[in-house]
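Numbering (this note's numbering), first residue to last: -4 to 1000.
Backbone N, C-alpha and C fix where the C-beta goes; we use that ideal spot for every residue, glycine too.
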């Protein structure tokens, strides 16, 4: 047990290390100089060895010795754990050296690491009690986690210890177990990272950012060069007017054309005033036209390159986000990723405008104008440089102090977006608990934080800009004074001064824009860095260079000694091993947090195992292409996610090429067909975000149908029926009894009724596989599974399981409603789930007919006998297949809506039947068809329409939102007015051109 023992102090020579294994020294992290640490494999420092000898613990060789950096109470003291064949010994020292804790191996029943704040503890369970053996900081957590696993392996297999070689022959309990996983570090600077998918910010310098951005511009190099050329041409065109103005003042307006001596920088004389004036005006006009033409081409080219570059960059970012593992999203906020793709990618679009009208233009203009200033008056040009040092000094101060604050501004903006996203996503919970004031206060705090940093940045920008304007203004006044004095002293002409001042304004403009450029560059570098951080994030889960081909899959699965933890030092699954035969249905049960869902994540390779392996048909899944693996694997997750779009697009998401009939059969098998037919547009009904418009159970059944349509070889149900009532569950269980045939199925469930058809049941507890067997075998063993059954049903073991597994609906008080089968359908035995599952019943035009009976009731007849009366019809695809896949529906004796059958194609039926069916459809659906659009007016967020419909001219008003003007088929629109009436445009392209333009002017989505 953990008794603390103390022995006398050793001499100074004891600080050495035994020489028999000195070549195994490995330095460990930063520790106090007074307590130098070493990680020893197969060797013990002499003072530790001496301490063991003093307590007569040296009789058996030391197989493993490892040091730590803190004591149990958190002090930076030196402690060593030594492992022998008989003991686990913790020694402290070297002055004084003492044995702190001794644990006999034979008393140990479990070894583990326990995480704490800033570190952890290696613990052993000896004689039924947990003992803190040795403590470590987070810097050594990976090392001690591995030691814990090694010691646990020794405990479970004592022969591993007795069979180890002696220290003299390089023993290493630690090295015998391969796969030491050190904390992830940057390969360049060795900075410790939180994960292997984290980007090292230290290794991305500003110069590297600019270099990487230039690399991204490589596909647009020709366009960028052309932009630079056009910029130079534009600057040259801007330099012409001031010089022409000088010539006009000095040589034309002053009447000194002929016979006058040309002043420095003046143009050659022309024969008369009128000709000279005309030439100057034409030249000024030409320069303006040239400048306009260049501006148009520059703008269009910059926009084309900028939008193309931004679009390509966003596609690369989204592709990178798709390739990153699920673990990356566990650590990062989705709103932050959206912000990077939507906003930070715009910085490259801004770069194009900097090339055309920003920094590049100003730089070229600065050089060209500077040359003209020197040409006109070199002395006066020197005075223009007086503000330049102040400009560069101000820019340096701005860059040094304002640039870092932009990151705080971006962080504050990202946090505000995160708070708002969380509040709106959980708005039901917020309202349910009446926490609106609390959430508003959270948003207010984040808004105040954002306001503070935005004000700081904007105030600094405005102060800097005002200071620069003052500097430039003083520079201009100096030129006015010196130049005016030269004109009075006849050292300079008036035209030269006017031209000089014009060029001076052009010279100071780029310098004045330097403040704006500094602001832009700050935003550009910070945005580019965030973009490159994402693009440079290492991909942890990637396809092998030469993926193995998975041919002719049969569906066998093997977990071999699998260990995994989302926190690498806290395993969720521990040494899990089991096999699943092809076509076998395996049930997985256990308490919450026992690792059931983690099995799904590992099988789908959303995470990679840390130890062990997972194989399918004998192939390690890490050797397969992830796409091929997931194409053969269908998963129904506990949280059913549906995309914004039509029901059919969600149903066929995994298999877009599926036929309509296949989709209908999958929905029928999952118990989703009936409630989908009750939707406004049936399978073409548009769902909102996250499947808004359907209940939780309906979304889950649609998710099951989606997976069944995917037709995977391996089917995984992760709590697939957790949100489904007992009646619907029975229908799904009957469907699964047929659908699981020929495919391997793993069903994870809390509700044990879900597993009534399982071939075997695996029971997990605390990350370990603790029980396995059939239902009867597990009940007989009276272990965890049996206790779960008793707790779940709260009745006796025998009656519960019989009721639960034979008829899960028996516990429900709700009456089961069944549709009367048509006479043409053969009934099967209720005890046989194969016959209990009925697919789509397709009505035959040769054996069925529709008639209008008494009181205008629509009736379905088979041969000469009535099948159903008072029926109605529903278009399951009203936009795409208006006369196909029609659902014939009615009511049973309990008043519940049921499906009698379906019509594949109305064209196959007799004319009388078609007429009756169309009558039934018109009774069910009241939608006006728009033939012409005469007028559309926008007023206060509403659209007023004057249209021609199939029943004449009508006026209506609808809200100007996408929720009120819906897509209908490939090219149609469904309009919903303020009274909830429906108006349909079957095809916009088929409308007259004038009507198209009038409609699309306002409805452009």
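Rounded C-alpha distance that separates residue i from residue j
i           : j           : result
residue 668 : residue 404 : 50 Å
residue 393 : residue 364 : 26 Å
residue 706 : residue 737 : 11 Å
residue 304 : residue 215 : 8 Å
residue 133 : residue 555 : 29 Å
residue 307 : residue 651 : 26 Å
residue 692 : residue 878 : 30 Å
residue 498 : residue 384 : 19 Å
residue 41  : residue 93  : 13 Å
residue 67  : residue 699 : 52 Å
residue 898 : residue 868 : 10 Å
residue 559 : residue 124 : 26 Å
residue 874 : residue 610 : 45 Å
residue 127 : residue 86  : 14 Å
residue 217 : residue 209 : 13 Å
Pair within 8 Å by beta-carbon distance, residue i and residue j
i            : j           : result
residue 704  : residue 658 : yes
residue 505  : residue 358 : yes
residue 918  : residue 978 : no
residue 743  : residue 583 : yes
residue 47   : residue 74  : no
residue 234  : residue 367 : yes
residue 228  : residue 289 : yes
residue 1002 : residue 389 : In the structure as shown, the chain starts at -4 and stops at 1000, and residue 1002 therefore has no counterpart that could be examined.
residue 103  : residue 78  : no
residue 518  : residue 409 : no
residue 739  : residue 550 : yes
Neighbour-count burial assignment, residue i, 16 or more Cβ in a 10 Å radius
i            : result
residue 380  : exposed
residue 645  : buried
residue 636  : exposed
residue 711  : buried
residue 772  : exposed
residue 596  : buried
residue 1000 : exposed
residue 827  : Here residue 827 scores only 45 on pLDDT, less than 50, and its place in the model should not be relied on; the value that follows carries that caveat. Answer is exposed; the Cβ neighbour count stays below 16.
residue 323  : buried
residue 355  : buried
residue 679  : buried
residue 945  : exposed
residue 71   : exposed
residue 690  : exposed
residue 581  : buried
residue 996  : exposed
Candidates the options, of which the one nearest residue i by Cα
i           : options            : result
residue 80  : 867, 59, 73, 92    : 59
residue 954 : 965, 946, 963, 940 : 940
residue 220 : 632, 362, 347, 246 : 347
residue 701 : 631, 756, 678      : 631
residue 117 : 517, 760, 90, 84   : 84
residue 708 : 680, 741, 687      : 741
residue 935 : 926, 945, 952      : 952
residue 321 : 601, 896, 615      : 601
residue 986 : 973, 966, 269, 976 : 966
residue 858 : 838, 112, 341, 206 : 838
residue 328 : 272, 268, 244, 417 : 417
residue 956 : 112, 948, 970, 757 : 970
residue 82  : 64, 150, 781       : 150
residue 537 : 316, 648, 526      : 316
Check: residue i C-beta below 7 Å from any heavy atom of the ligand NAP
i           : result
residue 893 : This structure does not include the ligand NAP; it has no bound ligands of any sort.
Requested in this report: Pair every Cβ in the region 831 to 850 with every Cβ in the region 911 to 924, then say whether three or more of these pairs are closer than 8 Å.
Outcome: yes
Query raised in the report: Do the region 372 to 381 and the region 462 to 480 touch if we need at least three Cβ pairs shorter than 8 Å?
Result: yes
Query raised in the report: Taking one C-beta from the region 268 to 288 and one from the region 308 to 315 each time, how about it: are there three or more such pairs within less than 8 Å?
Result: no
Query raised in the report: Are at least three pairs of beta-carbons, each pair with one atom in the region 878 to 885 and one in the region 931 to 940, less than 8 Å apart?
Result: no
Query raised in the report: Between the region 531 to 540 and the region 571 to 583, do at least 3 Cβ pairs fall closer than 8 Å?
Result: no
Query raised in the report: Is the region 512 to 523 close to the region 670 to 688, with three or more CB pairs under 8 Å?
Result: no
Query raised in the report: Using 8 Å as the threshold, is the region 559 to 570 in touch with the region 605 to 618, meaning 3 or more CB pairs across them?
Result: yes
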